[in-house]
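Asker: Residue numbers for the sequence shown follow our numbering, so the first one is 875 and each next one is one higher.
I am attaching a structure below and will ask some questions about it afterwards.
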Amino acid sequence: MSEAKGQSGGIGFWGLLTIVFIILKLLGKIDWPWIWVLAPLWIGFIIGVVIFVIALEFLLAFKDKL
Numbered sequence: 875m876s877e878a879k880g881q882s883g884g885i886g887f888w889g890l891l892t893i894v895f896i897i898l899k900l901l902g903k904i905d906w907p908w909i910w911v912l913a914p915l916w917i918g919f920i921i922g923v924v925i926f927v928i929a930l931e932f933l934l935a936f937k938d939k940l
């Protein structure tokens, strides 16, 4: 069997940041509302959606020239 090369596994930056914020919140080190503790999840998602929409608009605008 061949091994998969070039694939990264793991939690990623946004997931690690979310876990750190949750731990800090549960330990009482930060007094942020939960919406901001979980912000890396939804902010990362929103950034991804915005990039996708911009790329889609670009492709649709220039589909005749590609």
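Note that beta-carbon positions come from the ideal geometry of N, C-alpha and C, so glycine has one too.
Bear in mind that the values here come from a model prediction, so they are computed numbers and not experimental data.
1. Within 10 angstroms of its Cβ, does residue 907 collect 16 or more other Cβ (buried), or is it exposed?
2. Check whether the Cβ atoms of residue 911 and residue 899 lie closer than 7 angstroms to each other.
3. By how many angstroms is the C-alpha of residue 914 removed from the C-alpha of residue 894?
4. So, with DSSP's three-state summary, where would you put residue 885?
5. Helix, strand or coil for residue 904? Go by DSSP, reduced to three states.
Answerer: So, from the listed chains and residues:
1. Result: exposed.
2. One thing to note: residue 911 has its Cβ within 7 angstroms of the Cβ of residue 899.
3. Cα-Cα distance, rounded: 11 angstroms.
4. If DSSP states are grouped into helix, strand and coil, residue 885 belongs with coil.
5. In the displayed model, residue 904 falls within coil according to three-state DSSP, outside both helix and strand.
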